[in-house]
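Quick note: the sequence shown uses the working numbering, first residue 894, plus one each step. Note that beta-carbon positions come from the ideal geometry of N, C-alpha and C, so glycine has one too. Just below is one structure, and these are the notes that go with it.
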Amino acid sequence: MAPSAALPQLAHFLRSRRARLTLEAVGLPRTSTRRLSGLRRAEVAALAGISPEYYTRLEQGRQHHPSSEGPGRARQRAPA
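Take a look at the structure:
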């Protein structure tokens, strides 16, 4: 599969996994003002050790040469 063809699949994968994560599962405190389920992009980016902007580009399928290191770090901290 060509790298550009894999971008939509990567984007879908990241969005679906972020929606399934909980604050408790990754060791973050729950706040009473939270209005969404799952983690925010900035929270996933911080766990992965990447910038929120870079994570956003990955999740939107706009990063043409994604690194496997950042998402791999986040995956190590989160349940499957």
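> For the alpha helix (DSSP H) that contains Ala918, what are its first and last residues?
Replying inline: Position 25 of the sequence shown holds residue 918. Per DSSP, Ala918 lies in no alpha helix (DSSP H) segment and is marked neither H nor E.
>> Measuring alpha carbon to alpha carbon, tell me which residue in Pro901, Arg933 and Arg923 is nearest Arg913.
In response: Indexing the sequence shown from 1 puts residue 913 at position 20. The residue among Pro901, Arg933 and Arg923 with its C-alpha nearest the C-alpha of Arg913 is Arg933.
> If you pair each beta-carbon of the stretch 900-908 with each one of the stretch 950-957, do three or more pairs fall below 8 Å?
Replying inline: Three or more beta-carbon pairs separated by less than 8 Å link the stretch 900-908 to the stretch 950-957, which places the two stretches in contact.
> Nearest-angstrom Cα distance between Arg923 and Ile943?
Replying inline: For this step, residue 923 is matched to residue 30 along the sequence shown. For this step, residue 943 is matched to residue 50 along the sequence shown. Roughly 22 Å separates the two Cα atoms.
>> Looking at the secondary structure, which residues open and close the alpha helix (DSSP H) in which Arg934 lies?
In response: Walking along the sequence shown from the start, residue 934 turns up at place 41. Under the DSSP assignment, Arg934 falls in the alpha helix (DSSP H) whose first and last residues are Arg934 to Ala941.
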